[in-house]
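Written below as structure tokens is the structure these notes are about.
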Amino acid sequence: MRQTILDLSDAKGIFDRILSHWTTANLGLTGAGIVLKGDFDRNAFLNKAVEFDHLSEEIERITETRDKASAQLTLYKENMRSTMQRFAYLVRGLYPDSDFSKGLPALPDTRSNEARYMAPVERTLMIWRHANRVRPLILPDGTDVEAFAAGIQVLRQAFKARDKAFAQERQIRAERRRLHQVLIDRAVQYRQVVLGVFGDDHALAFSLPPLWPKQDRKKKPTRRLEVIENIAEPARALLA
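Following the working numbering, the numbering of the sequence shown begins with 354 at its first residue and continues without gaps.
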């Protein structure tokens, strides 16, 4: 299977191979070895690669948290909808043709966002409180208006927990994308510096880890790589 550094799933392995190659290349040079623009050496690349790995692990963790929060929210939504359905049956049975029964909202869709879902829930709570002035309404399972109101607060907390997990995931993924781009830029710079220092007929040139599919290497790889290749030009001067 062809690999490309642009793919997050392939990038880690390619970064590891670049680090190994960089170690070998440094052995053939005196001084600090290959140092890119901004005093960016192998250790700097290693630190960025380790940070990339840590962010990937953090994404796996927060994704699991997000999935659990989403599942919990769905369960609470379904339970709330079921309670509202039973309450509606009770009101229509006890107060047919009353303002209470006529004012009952449609049951919310569990796929709705918080605002759309909670509007009929809050409407149900208001009707329940008004109906209680005539006669306290308690569902067969013991749920009363206080328990229903408490369930609303639990549901809102579940929305917040789900939204927080999604926000954290978006933030960490954005950080990893930025770091991924930095490592791509440096990998392209490193490749060009190796070719400039050792020549394209040297063993180190032949052993350079490919950054994109082999059949694309004889032509311009991708627009994204074409752009970032230009960044490598200043690095050659550091080894002159």
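Cβ atoms here follow ideal geometry from the backbone N, Cα and C, with glycine treated the same way.
Kindly indicate which residue of 526, 504, 470 and 457 has the alpha-carbon position closest to the one of residue 484. The count along the sequence shown starts at 1 and reaches residue 484 at position 131. Closest option to residue 484, Cα to Cα, is 457.
Let me check understanding here. Comparing Cα to Cα, which of 533, 553, 357 and 539 lies closest to residue 408? Within the sequence shown, numbered from 1, the residue matching residue 408 stands at position 55. Comparing Cα-Cα distances from residue 408 to each of 533, 553, 357 and 539, the minimum goes to 533.
Please tell me whether residue 522 and residue 415 are closer than 9 angstroms, where the distance is taken between their beta carbons. In the sequence shown, counting from the first residue as 1, residue 522 sits at position 169. In the sequence shown, counting from the first residue as 1, residue 415 sits at position 62. Between residue 522 and residue 415, the C-beta spacing is below 9 angstroms.
For residue 393, which residues does DSSP report across the bridge? By 1-based counting over the sequence shown, the position of residue 393 is 40. Residue 393 pairs with 389.
DSSP three-state assignment for residue 524, whether helix, strand or coil: Counting from 1 along the sequence shown, the entry for residue 524 is found at position 171. In the structure shown, residue 524 adopts helical secondary structure according to DSSP, grouped into three states.
Between the Cα of residue 468 and the Cα atoms of 513, 358, 559 and 374, which residue gives the shortest distance? As a first step, residue 468 is located in the sequence shown; it is residue number 115 there, counting from the start. It is 513 whose Cα lies nearest to the Cα of residue 468.
May I ask which residues mark the beginning and end of the alpha helix (DSSP H) holding residue 466? Here residue 466 corresponds to residue number 113 of the sequence shown, with the count starting at 1. No alpha helix (DSSP H) holds residue 466; DSSP gives it neither H nor E.
Quick check: what's the CA-CA separation for residue 565 versus residue 552? Start at 1 with the first residue of the sequence shown, and residue 565 comes out as number 212. Start at 1 with the first residue of the sequence shown, and residue 552 comes out as number 199. C-alpha separation (whole angstroms): 20 angstroms.
Alpha-carbon spacing of residue 539 relative to residue 389, whole angstroms: In the sequence shown, counting from the first residue as 1, residue 539 sits at position 186. In the sequence shown, counting from the first residue as 1, residue 389 sits at position 36. Going by the C-alpha atoms only, they are around 8 angstroms apart.
Determine the DSSP secondary structure at residue 403, reduced to helix, strand or coil. One-based indexing of the sequence shown puts residue 403 at position 50. Residue 403 falls in the helix class under three-state DSSP.
What span of residues does the alpha helix (DSSP H) with residue 366 cover, start to end? For this step, residue 366 is matched to residue 13 along the sequence shown. In the DSSP annotation of this structure, the continuous segment of the alpha helix (DSSP H) that includes residue 366 starts and ends at 361-380.
At the level of alpha carbons, what is the spacing between residue 545 and residue 525? By one-based count along the sequence shown, residue 545 stands at place 192. By one-based count along the sequence shown, residue 525 stands at place 172. Distance between the alpha carbons of residue 545 and residue 525: 30 angstroms.
Alpha helix (DSSP H) runs wholly inside the stretch 414-498, at least 4 long, in chain order: 452-455 and 467-485
List the endpoints of the continuous alpha helix (DSSP H) containing residue 557. One-based indexing of the sequence shown puts residue 557 at position 204. 556-559 is the extent of the alpha helix (DSSP H) around residue 557.
Where does residue 564 fall in DSSP's three states? Position 211 of the sequence shown, counted from the first residue, corresponds to residue 564. Coil.
What's the gap between the Cα of residue 508 and the Cα of residue 432? For the purposes of this step, residue 508 is taken as the residue at position 155 of the sequence shown. For the purposes of this step, residue 432 is taken as the residue at position 79 of the sequence shown. In this model, residue 508 and residue 432 are separated by some 10 angstroms (Cα to Cα).
Spatial neighbours of residue 462 in its chain, beta-carbon cut-off 8 angstroms, leaving aside the 5 residues before and after: As a first step, residue 462 must be located in the sequence shown, where it is residue number 109. So the qualifying residues of the chain are 469 and 470.
Reduced DSSP category for residue 516 - H, G, I as helix; E, B as strand; rest coil: On the sequence shown, residue 516 is found 163 positions in, with the first residue counted as 1. Three-state DSSP puts residue 516 in a helix.
Other residues of its chain near residue 362: CB distance less than 8 angstroms, five sequence neighbours each side excluded: Numbered from 1 along the sequence shown, position 9 holds the residue referred to as residue 362. Excluding positions up to five away in sequence, the list is empty.
Is residue 552 helix, strand or coil by DSSP? The residue labelled residue 552 in the question sits at position 199 within the sequence shown. Residue state, collapsed to three classes: coil.
Backbone secondary structure at residue 505 - three-state DSSP: The count along the sequence shown starts at 1 and reaches residue 505 at position 152. Residue 505 carries a helical assignment under DSSP once its states are collapsed to helix, strand and coil.
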